[in-house]
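Residue numbers (our numbering): 1020 to 1470. Every residue gets a Cβ at the ideal spot worked out from N, C-alpha and C, and that includes glycine. Worksheet: one structure, shown below.
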Amino acid sequence: MAARKASSFSFAGMLALLVAGALAAGVALALGLAALLGSGPAGALLALLVGLPLAALGARAAARPWIRFLGALADGLASLKDGDFSLSLARPRGLPEAAPLAAAYNGLGERFRAERQTLLQRELLLDTVIQATPLALVLTNDAGIVIYSNLAARRLFQDGRPLEGHGFNALVEAADAALREAIAGGQDTLFTMRVAAEAEIFHLSLRHFTLNARSHHLYLLKQLTRELNAQEVASWKKVIRVIAHELNNSLAPISSLAHSGRALARSPEPAALERVFGTIAERAQHLHSFIDGYARFAKLPRPRPEPVAWPAFVERLKATLRFTLEGALPAAPGWFDPAQLEQVLINLLKNAHESGSAPSAVGVRVSERAGGIEIAVADRGPGMPAAVLEHALVPFFSTKPEGTGLGLTLSREIVEAHGGRLELRARAGGGTQVHVWLPGAAAAAADPNLT
1020 MAARKASSFS FAGMLALLVA GALAAGVALA LGLAALLGSG PAGALLALLV
1070 GLPLAALGAR AAARPWIRFL GALADGLASL KDGDFSLSLA RPRGLPEAAP
1120 LAAAYNGLGE RFRAERQTLL QRELLLDTVI QATPLALVLT NDAGIVIYSN
1170 LAARRLFQDG RPLEGHGFNA LVEAADAALR EAIAGGQDTL FTMRVAAEAE
1220 IFHLSLRHFT LNARSHHLYL LKQLTRELNA QEVASWKKVI RVIAHELNNS
1270 LAPISSLAHS GRALARSPEP AALERVFGTI AERAQHLHSF IDGYARFAKL
1320 PRPRPEPVAW PAFVERLKAT LRFTLEGALP AAPGWFDPAQ LEQVLINLLK
1370 NAHESGSAPS AVGVRVSERA GGIEIAVADR GPGMPAAVLE HALVPFFSTK
1420 PEGTGLGLTL SREIVEAHGG RLELRARAGG GTQVHVWLPG AAAAAADPNL
1470 T
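The following block contains the structure:
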């Protein structure tokens, strides 16, 4: 019971008791020695010589629990700094002031352990996902050494063997020439290389970022052969369906009219024969236009941009289809293939007139924007529902009974071949707007795909 009471004293109380006891013992010793020696100063000096070492020993004994506790706390903090969160401090006996500090340290260690466990679980999940993905992933440091790779990358570069620790340049040098050229290009690209004697299409993505104050490079290689083949097959099926539909729509009446013409030839009726041959000629012309549209789409030549003065270009366009010019034309000439862009705008203006818009409500605006030129063609027709806007640029998609679905697709191909983009938007107040953006001469010259 006495020991338990002593342990409940605070360090300040124990130190006060120690000082008081030392003073009392020193006074008693000094008085006793003075009486024994018969000299007060001599007794006091002798008491001081004996009492000081005893007081030092007592102070050291009193401070020993704190010294042990602070040493354990220093070791624990060093372990936290080294990432070891397994050490805990025992509840200090006889040091009530140190108990909150020990509890705070233990709580901090427990929190660190929980956060590390959560982080390890997330890293394990992320690594499992990355290793299972067919996307080949390689991460290198600023020295070009592979520090992380997944199974797909290992199979692609080293037949499944680990890549970590290898120089990435050496791995690339031993790979297919197409892969070497794609990585040397330093930008995202599509390329074809041989894998297991088969030609495979890949998409390369390159990313650069800083991690722990060091530059890192991430290479992502995605095999697209299956997806592209599936899209190609789907496109061919759609082409075949469209062609079959158009051929049937024309050949069926031609066959019927040919039978009627044979019957009329036995007892000629000039007016009836004229109708028969006129219809046959009309359906043949439709087929010719239909096939010609596909041929132009498949044989679209590369654009030959040149400086084009806007006033003369717009006047030629006005001679073909009616529209209202909104705003002033840019002073600087445009940079595009005039024949191809004229074909694009004729397609867009023709669609605007066929939308049911009043001819006077069909407008064209040419303005400078984002280092290039934006041409907006707008109408006041009923507009396009969201589903139609979403698919309007898909090849062979058409809402017109006689449409081939190639007009907007061909227009987009021409615009993108110039390095630009074509967008369809619903117009406020009703109608549709088509925006064509083309880069200026400087931007086009900086694009390696246009040179």
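(message) Looking at isoleucine 1433: is its Cβ nearer than 8 Å to the Cβ of leucine 1319?
(response) What you label residue 1433 is simply residue 414 of the sequence shown in a count that begins at 1. What you label residue 1319 is simply residue 300 of the sequence shown in a count that begins at 1. Yes, the Cβ-Cβ distance between isoleucine 1433 and leucine 1319 is below 8 Å.
(request) Using the Cα positions of alanine 1151 and arginine 1226, report the straight-line distance between them to the nearest angstrom. (result) Along the sequence shown, one-based indexing puts residue 1151 at 132. Along the sequence shown, one-based indexing puts residue 1226 at 207. Rounded to the nearest angstrom, the two C-alpha atoms are 21 Å apart.
(message) Quick check on DSSP: helix, strand or coil for histidine 1185?
(response) Counting from one through the sequence shown, the residue named residue 1185 turns up at place 166. Three-state result, histidine 1185: coil.
(message) Quick check on the burial criterion: 16 or more other C-beta atoms within 10 angstroms. Buried or exposed for serine 1275?
(response) Start at 1 with the first residue of the sequence shown, and residue 1275 comes out as number 256. The residue is exposed, with fewer than 16 neighbouring Cβ atoms inside 10 Å.
(message) Please identify the residue among Ala1193, Asp1161 and Val1396 whose C-alpha is closest to the C-alpha of asparagine 1231.
(response) Walking along the sequence shown from the start, residue 1231 turns up at place 212. That would be Asp1161, whose Cα lies nearest to the Cα of asparagine 1231.
(request) Taking only the alpha-carbon atoms, compute the straight-line gap between proline 1272 and glycine 1280 and give it to the nearest angstrom. (result) Translated into positions along the sequence shown, residue 1272 becomes position 253. Translated into positions along the sequence shown, residue 1280 becomes position 261. Going by the C-alpha atoms only, they are around 12 Å apart.
(request) To the nearest angstrom, report how far apart methionine 1020 and leucine 1114 are at their CA atoms. (result) Here residue 1020 is taken as the residue at index 1 of the sequence shown, counted from 1. Here residue 1114 is taken as the residue at index 95 of the sequence shown, counted from 1. Caution applies to methionine 1020, whose pLDDT of 38 falls short of 50 and renders its modelled position unreliable; the model cannot decide the point.
(request) Jot down the residue ranges of each uninterrupted alpha helix (DSSP H) in the stretch 1142-1185, minimum 4 residues, whole runs only, in chain order. (result) 1170-1177
(message) Which residues does DSSP list as the beta-bridge partners of isoleucine 1392?
(response) Here residue 1392 is taken as the residue at index 373 of the sequence shown, counted from 1. Per DSSP, Glu1387 and Leu1457.
(message) Once the 5 residues before and after threonine 1147 are set aside, which same chain residues still bring their CB inside 8 Å of it?
(response) Taking the sequence shown and counting its residues from 1, the one referred to as residue 1147 is at position 128. Nothing listed; no residue qualifies.
(request) Report the rounded CA-to-CA distance for alanine 1117 versus leucine 1139, giving the unit in angstroms. (result) Taking the first residue of the sequence shown as position 1, residue 1117 is located at position 98. Taking the first residue of the sequence shown as position 1, residue 1139 is located at position 120. Taking the straight line from one Cα to the other gives about 33 Å.
(request) Could you pull out every residue in the same chain whose Cβ sits closer than 7 Å to the Cβ of proline 1378, ignoring the five residues on either side in sequence? (result) Taking the first residue of the sequence shown as position 1, residue 1378 is located at position 359. Within the same chain, proline 1378 has close Cβ partners Arg1341 and His1372.
(message) Per the DSSP calculation, valine 1214 is bridged to which residue(s)?
(response) Residue 1214 sits at position 195 when you count from the first residue of the sequence shown. Bridge partners of valine 1214: Glu1217.
(request) Please state whether DSSP places leucine 1340 in a helix, a strand or coil. (result) Position 321 of the sequence shown, counted from the first residue, corresponds to residue 1340. In the structure shown, leucine 1340 sits in coil (DSSP, three-state: anything other than H, G, I, E or B).
(request) For leucine 1190, collect the residues of the same chain with a Cβ closer than 6 Å to its Cβ; drop the 5 residues on either side in sequence, then sort them by chain order. (result) Residue numbering aside, residue 1190 sits at position 171 when the sequence shown is read from its first letter. Result list for leucine 1190: Phe1176, in chain order.
(request) Pull up the distance between the alpha-carbon of arginine 1110 and that of glutamate 1142, whole angstroms please. (result) Walking along the sequence shown from the start, residue 1110 turns up at place 91. Walking along the sequence shown from the start, residue 1142 turns up at place 123. Distance between the alpha carbons of arginine 1110 and glutamate 1142: 35 Å.
(request) Express the C-alpha separation of tyrosine 1167 and threonine 1451 in angstroms, rounding to a whole number. (result) In the sequence shown, counting from the first residue as 1, residue 1451 sits at position 432. In the sequence shown, counting from the first residue as 1, residue 1167 sits at position 148. One C-alpha to the other measures close to 50 Å.
(request) Determine the DSSP secondary structure at glutamate 1345, reduced to helix, strand or coil. (result) Along the sequence shown, one-based indexing puts residue 1345 at 326. Reduced to three states, the DSSP call for glutamate 1345 is coil.
(request) For the alpha helix (DSSP H) containing glutamate 1200, list its first residue and its last residue. (result) Numbered from its first residue, the sequence shown carries residue 1200 at position 181. First-last of the alpha helix (DSSP H) with glutamate 1200: 1196-1204.
(request) Return helix, strand or coil for arginine 1440, following the three-state DSSP convention. (result) Indexing the sequence shown from 1 puts residue 1440 at position 421. In this structure, arginine 1440 counts as strand in the three-state DSSP scheme.
(message) Rounded to the nearest angstrom, what separates valine 1455 and alanine 1447 at their Cα positions?
(response) On the sequence shown, residue 1455 is found 436 positions in, with the first residue counted as 1. On the sequence shown, residue 1447 is found 428 positions in, with the first residue counted as 1. Straight-line Cα distance between these residues: approximately 18 Å.
(request) Return helix, strand or coil for alanine 1397, following the three-state DSSP convention. (result) Taking the first residue of the sequence shown as position 1, residue 1397 is located at position 378. Residue state, collapsed to three classes: strand.
(request) Just the C-alpha distance for leucine 1344 and arginine 1384, rounded to the nearest angstrom, thanks. (result) As a working note, residue 1344 is residue 325 in the sequence shown. As a working note, residue 1384 is residue 365 in the sequence shown. Distance between the alpha carbons of leucine 1344 and arginine 1384: 6 Å.
(request) Name the one or two DSSP bridge partners that tyrosine 1238 has. (result) Here residue 1238 corresponds to residue number 219 of the sequence shown, with the count starting at 1. Val1157 and Leu1225.
(request) Decide if glycine 1426 is buried, meaning its Cβ has at least 16 other Cβ atoms within 10 Å, or exposed. (result) Residue numbering aside, residue 1426 sits at position 407 when the sequence shown is read from its first letter. Per the 10 Å Cβ criterion, buried.
(request) Identify whether phenylalanine 1104 lies in helix, strand or coil by the three-state DSSP scheme. (result) In the sequence shown, counting from the first residue as 1, residue 1104 sits at position 85. If DSSP states are grouped into helix, strand and coil, phenylalanine 1104 belongs with coil.
(message) For proline 1153 and alanine 1171, which I take to be in contact (beta-carbon distance under 8 Å), what is that distance rounded to the nearest angstrom?
(response) Taking the sequence shown and counting its residues from 1, the one referred to as residue 1153 is at position 134. Taking the sequence shown and counting its residues from 1, the one referred to as residue 1171 is at position 152. Indeed they touch by this definition, with Cβ atoms about 6 Å apart.
(request) Return the residue from the list Ala1218, Leu1223 and Ala1193 that minimises the CA-CA distance to glutamine 1206. (result) Against the sequence shown, residue 1206 aligns to sequence position 187. The shortest Cα separation from glutamine 1206 among Ala1218, Leu1223 and Ala1193 belongs to Leu1223.
(message) Looking only at its chain, what residues have a beta carbon closer than 8 Å to the beta carbon of asparagine 1188, apart from the 5 residues adjacent to it on each side?
(response) Along the sequence shown, read from residue 1 onward, the residue named residue 1188 stands at position 169. The residues are Gly1163.
(request) For glutamate 1246, name the three-state secondary structure that DSSP assigns. (result) To locate residue 1246, count along the sequence shown from 1; it is residue 227. In the structure shown, glutamate 1246 sits in a helix (DSSP, three-state: H, G or I).
(request) For the beta strand (DSSP E) containing proline 1326, list its first residue and its last residue. (result) Taking the sequence shown and counting its residues from 1, one reaches residue 1326 at position 307. Its beta strand (DSSP E) spans residues 1325-1327.
(request) Determine, using beta-carbon pairs with one atom in the stretch 1080-1094 and one in the stretch 1116-1130, whether at least three such pairs fall under 8 Å. (result) yes
(message) Give me the DSSP bridge partner(s) of tryptophan 1085.
(response) Indexing the sequence shown from 1 puts residue 1085 at position 66. None, per the DSSP bridge assignment.
(request) Please report the Cβ distance between glycine 1400 and serine 1430, rounded to the nearest whole angstrom; I am assuming they are in contact, meaning their Cβ atoms lie under 8 Å. (result) Here residue 1400 refers to the residue found at position 381 when the sequence shown is read from its first residue. Here residue 1430 refers to the residue found at position 411 when the sequence shown is read from its first residue. So it is not a contact: roughly 18 Å between Cβ atoms.
(request) Determine the contact status of leucine 1367 and valine 1327, defining contact as a CB-CB distance below 8 Å. (result) Sequence index remark: in the sequence shown, residue 1367 carries index 348 (1-based). Sequence index remark: in the sequence shown, residue 1327 carries index 308 (1-based). For leucine 1367 and valine 1327, no; Cβs fall outside 8 Å.
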